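Trainee:
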Amino acid sequence: MHLAEAVLSGNRLALARLLTQVENGTPEGVAALDFLFPFTGKAHLIGITGAPGTGKSSLVNQLARAFRHLKNGASERRVAVVAVDPSSPFTGGALLGDRVRMRDLAGDAGVFIRSMASRGALGGLARATASVVQVLDAAGYDVIMVETVGVGQSEVDIARLAYTTLVVEAPGLGDDIQASKAGILEIADILVVNKADQAGADNTERSLRAMLEMAYPSKGYRGHHGVRSGEEAAADMSQMPAWVPPVMRTVALDASGIEELAQAILQHGEYLRATGEWQRREYVRLKNELDDLLRAALMARWQSGVRDDDYRSVLEQLCARQISPYQAVARLLEFGIQAGGANDKL
Amino acid sequence: MTYILILITNFHSKYLFYMDVRYNVLQKRFSKTELYMPEKKIRVLIAKPGLDGHDRGAKVVARALRDAGMEVIYTGLRQTPEMIAEAALQEDVDAVGLSILSGAHMALVPRVIELLKANGQENVMVFVGGIIPETDVPPLIEAGVKAVYGPGTPTSRCVEDIQKAVLGEVVA
Numbered sequence: 006m007h008l009a010e011a012v013l014s015g016n017r018l019a020l021a022r023l024l025t026q027v028e029n030g031t032p033e034g035v036a037a038l039d040f041l042f043p044f045t046g047k048a049h050l051i052g053i054t055g056a057p058g059t060g061k062s063s064l065v066n067q068l069a070r071a072f073r074h075l076k077n078g079a080s081e082r083r084v085a086v087v088a089v090d091p092s093s094p095f096t097g098g099a100l101l102g103d104r105v106r107m108r109d110l111a112g113d114a115g116v117f118i119r120s121m122a123s124r125g126a127l128g129g130l131a132r133a134t135a136s137v138v139q140v141l142d143a144a145g146y147d148v149i150m151v152e153t154v155g156v157g158q159s160e161v162d163i164a165r166l167a168y169t170t171l172v173v174e175a176p177g178l179g180d181d182i183q184a185s186k187a188g189i190l191e192i193a194d195i196l197v198v199n200k201a202d203q204a205g206a207d208n209t210e211r212s213l214r215a216m217l218e219m220a221y222p223s224k225g226y227r228g229h230h231g232v233r234s235g236e237e238a239a240a241d242m243s244q245m246p247a248w249v250p251p252v253m254r255t256v257a258l259d260a261s262g263i264e265e266l267a268q269a270i271l272q273h274g275e276y277l278r279a280t281g282e283w284q285r286r287e288y289v290r291l292k293n294e295l296d297d298l299l300r301a302a303l304m305a306r307w308q309s310g311v312r313d314d315d316y317r318s319v320l321e322q323l324c325a326r327q328i329s330p331y332q333a334v335a336r337l338l339e340f341g342i343q344a345g346g347a348n349d350k351l
Numbered sequence: 029m030t031y032i033l034i035l036i037t038n039f040h041s042k043y044l045f046y047m048d049v050r051y052n053v054l055q056k057r058f059s060k061t062e063l064y065m066p067e068k069k070i071r072v073l074i075a076k077p078g079l080d081g082h083d084r085g086a087k088v089v090a091r092a093l094r095d096a097g098m099e100v101i102y103t104g105l106r107q108t109p110e111m112i113a114e115a116a117l118q119e120d121v122d123a124v125g126l127s128i129l130s131g132a133h134m135a136l137v138p139r140v141i142e143l144l145k146a147n148g149q150e151n152v153m154v155f156v157g158g159i160i161p162e163t164d165v166p167p168l169i170e171a172g173v174k175a176v177y178g179p180g181t182p183t184s185r186c187v188e189d190i191q192k193a194v195l196g197e198v199v200a
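Chains as they are written, first to last, in the working numbering: chain A, 6 to 351; chain B, 29 to 200.
#1: List the residues of chain A that K68/B touches, going by C-beta distances under 8 Å, in chain order.
#2: Would you decide whether M216/A is buried or exposed? Buried here means 16 or more other CB atoms lie within 10 Å of its CB.
#3: If we cut at 9 Å on Cβ distances, does G98/A have a partner in chain B?
#4: What runs of the alpha helix (DSSP H), each 4 residues or longer, lie entirely inside the segment 254–287 of chain A?
#5: Have a look at K56/B and G310/A and give me their C-alpha separation to the nearest angstrom.
#6: For V140/A, I'd like the list of residues in its chain whose CB is within less than 8 Å of its CB, leaving aside the five on either flank, ordered along the chain.
#7: By the criterion of Cβ-Cβ separation under 7 Å, what are the contact partners of A111/A in chain B?
#8: Could you tell me if D162/A is buried or exposed, where buried requires 16 or more neighbouring beta carbons within 10 angstroms of its beta carbon?
#9: Three-state secondary structure (DSSP) at H82/B?
#10: Hey, A204/A and G58/A: beta-carbon distance below 9 Å or not?
#11: At which residues does the beta strand (DSSP E) containing M153/B begin and terminate?
#12: Report yes or no: do three or more beta-carbon pairs, one from the segment 141–150 of chain B and one from the segment 111–122 of chain B, lie closer than 8 Å?
#13: Just to confirm, is the Cβ distance from A135/A to S92/A under 9 Å?
#14: According to DSSP, simplified to helix, strand and coil, what is T163/B?
#15: Under three-state DSSP, which class holds E33/A?
#16: Express the C-alpha separation of M150/A and A9/A in angstroms, rounding to a whole number.
#17: R70/A lies in the beta strand (DSSP E); which residues open and close that run?
#18: Locate the alpha helix (DSSP H) running through E137/B, then write down its first and last residues.
#19: Please classify R94/B as buried or exposed, where buried requires at least 16 other C-beta atoms within 10 Å of its C-beta.
#20: Taking only beta-carbon positions, decide if A86/B is within less than 9 Å of chain A.
#21: Sort Y221/A, L196/A, V35/A and T209/A by Cα distance to I263/A and report the nearest one.
#22: Closest Cβ-Cβ distance between V138/A and chain B: below 9 Å?
#23: Give me the chain B residues within the contact set of S120/A, using Cβ-Cβ distance strictly less than 7 Å, ordered along the chain.
#24: Against G158/B, what residues of chain A qualify as contacts under a CB-to-CB distance less than 7 Å, listed in chain order?
#25: What residues from chain B crowd round S93/A, counting only those whose CB sits closer than 9 Å?
#26: Answer yes or no: does any C-beta atom of chain B fall closer than 9 Å to that of K350/A?
#27: Cutting at 7 Å between CB atoms, please list the residues of its own chain near P250/A, excluding the five before and the five after it.
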């Protein structure tokens with residue numbers, strides 16, 4: 006438990022080591038999570054997602070700097086970043102390169118960056134990302150940015166984890182039909198057109214606005230009356246009963262549009278708190294986590310109950326087409342339940 | 029009669045052998061895909077301290093370590109010893125690889141090791157790659173470097189050294 010206590014007292018090495026324990030799912034890591042959980046729930050969790058190469062890491066770099074400068078009353082914000090990159094499906098290895106874009110944050114003791122490999126999970130995050138975020142939350146980081154792997158159209162786990170989800174687009178990645186498809190764009194609380202200095206940025210912004218107009222038709226959304234600044238859009242939104250995702254233009258390389266984006270994120274946080282949506286999202290997040298853990302625990306219990314020989318014989322009957330997959334499942338569940346029941350009595 | 033028996037035993041043992049192979053495959057699938065198994069991964073920081081911009085070697089090593097199943101954090105070019113030590117701390121790495129081709133290794137490498145120690149990471153394995161004159165290798169080892177890899181080193185040697193240093197064994 007001494008690691009968890011050291012984390013609460015602000016020891017950075019203890020924090021780094023505990024994150025490893027939690028990521029590896031060791032008993033010590035799990036026990037520390039139990040101990041730290043009452044201290045969580047204070048941080049603003051921000052998700053940053055989008056296709057590979059849209060500039061997520063550079064944007065996180067700039068946003069972290071902006072949050073460090075934007076004071077929260079008198080106190081400054083401490084910022085943590087969890088950057089997820091994919092693991093190789095063949096070797097399990099990973100090249101985690103998000104830090105390359107975050108070199109401006111080096112030397113600031115109020116910023117903590119942790120790279121994570123996805124380790125086979127397919128939703129854009131690693132399985133342990135939620136737990137890692139909890140530890141950083143307990144350690145007192147006010148803003149925690151979670152950068153997903155570069156995603157395609159349907160890796161939407163981040164929306165279940167974060168209070169505010171940014172979907173980052175860049176010019177040249179598709180037309181308005183792409184923008185109308187289900188999935189990634191639907192989870193956005195804020196849409197970001199990064200690399201806005203490049204050709205085609207206007208088209209990208211236009212198709213995103215057109216998509217929003219279809220999604221929020223009754224709100225009198227006036228996105229087609231020329232380009233509005235992000236700040237204007239965000240201010241506009243806060244007076245509306247429903248949050249309509251603003252479309253914000255940024256250039257992460259020279260930090261233009263970043264201040265406005267950071268403000269919009271904070272405004273979204275205020276909106277969530279004012280409307281009770283914050284609690285609802287927390288409820289959904291914890292319910293999801295509970296369900297995931299329950300599934301894993303039931304699986305583990307069933308697995309300890311079923312004998313390898315039984316599993317093998319059922320699998321062979323299945324391969325010989327003597328029984329159907331559903332029948333195989335029914336049979337295996339019986340084994341698991343019988344044996345599990347016997348274990349419970351012991 | 030005996031002949032038949034031998035045949036049967038023969039067949040039987042062969043069958044058992046095949047079953048065994050299949051069983052192993054099943055076992056692997058069974059545990060790997062069905063249930064999230066906690067696993068320890070070797071984490072390595074690959075950094076380029078100093079001012080030279082030649083990062084091909086660092087990228088080749090990073091890729092080789094990735095292919096050996098390790099999680100490699102690459103920091104990019106022009107890092108100060110302070111930035112490297114800070115990254116090693118936050119990422120809780122098992123090893124730090126420094127690639128230097130500028131000739132400043134005698135100034136930069138001991139400084140990185142000093143900072144790692146100051147942060148409580150004296151157990152982190154430090155290795156160096158790049159253009160290092162032979163005469164500089166002994167003092168670097170003296171300063172706490174585990175190994176120095178010059179041009180032409182097979183990447184497998186680097187992989188094996190790290191596995192040995194971190195796990196105490198080489199994983200084939």
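Just so it is clear, CB atoms sit at the ideal spot from N, CA and C, and this is done for glycine as well. Small disclaimer: the values here were computed from a predicted structure and weren't measured.
Mentor: With the structure as the only source:
#1: The answer, in chain order, is N29.
#2: Buried is the call here.
#3: Chain B, which has a Cβ nearer than 9 Å to the Cβ of G98/A, makes this yes.
#4: The qualifying runs are 263–280.
#5: Below a pLDDT of 50, predicted positions are generally treated as unreliable, and K56/B, at 42, falls in that range; the measurement from the model is reported next regardless. Roughly 18 Å separates the two Cα atoms.
#6: Cβ within range, chain order: V12, L20, L23, L24, V27, A37, L38 and L41.
#7: Residues of chain B with a Cβ closer than 7 Å to the Cβ of A111/A are, in chain order, M111 and E114.
#8: Buried, since its Cβ has 16 or more Cβ neighbours within 10 Å.
#9: Here H82/B carries a coil assignment [DSSP, helix/strand/coil].
#10: No, the pair does not count as a contact, with Cβ atoms beyond the cut-off.
#11: Where M153/B is concerned, the enclosing beta strand (DSSP E) starts and stops at M153 to G158.
#12: Three or more pairs of CB atoms, one per stretch, sit closer than 8 Å, so the segment 141–150 of chain B contacts the segment 111–122 of chain B.
#13: Here A135/A is not near S92/A, since their CB atoms are 9 Å or more apart.
#14: T163/B falls in the helix class under three-state DSSP.
#15: Looking at E33/A - three-state DSSP - the assignment turns out to be helix.
#16: So the two alpha carbons sit approximately 22 Å from each other.
#17: For R70/A, no beta strand (DSSP E) run applies; the uninterrupted alpha helix (DSSP H) run containing it begins and ends at K61 to H74, by DSSP.
#18: Position check: residue 137/B holds Val in this sequence, whereas Glu was assumed. Start and end: H133 to A146.
#19: By the beta-carbon neighbour count (other beta carbons within 10 angstroms, threshold 16), R94/B is buried.
#20: No, no contact with chain A.
#21: For the residues Y221/A, L196/A, V35/A and T209/A, the minimum Cα distance to I263/A belongs to L196/A.
#22: So, not an interface residue.
#23: Neighbours of S120/A on chain B, chain order: I101 and E119.
#24: G158/B does not reach chain A, its nearest Cβ partner there being about 19 Å away, counting only Cβ pairs nearer than 7 Å.
#25: By Cβ distance, chain B contributes R94, D95 and G97.
#26: For K350/A, the pLDDT reaches just 38, beneath the cut-off of 50, and the residue's location in the model is therefore unreliable, leaving the point undetermined.
#27: The residues are A193, D194, I195, L196 and L217.
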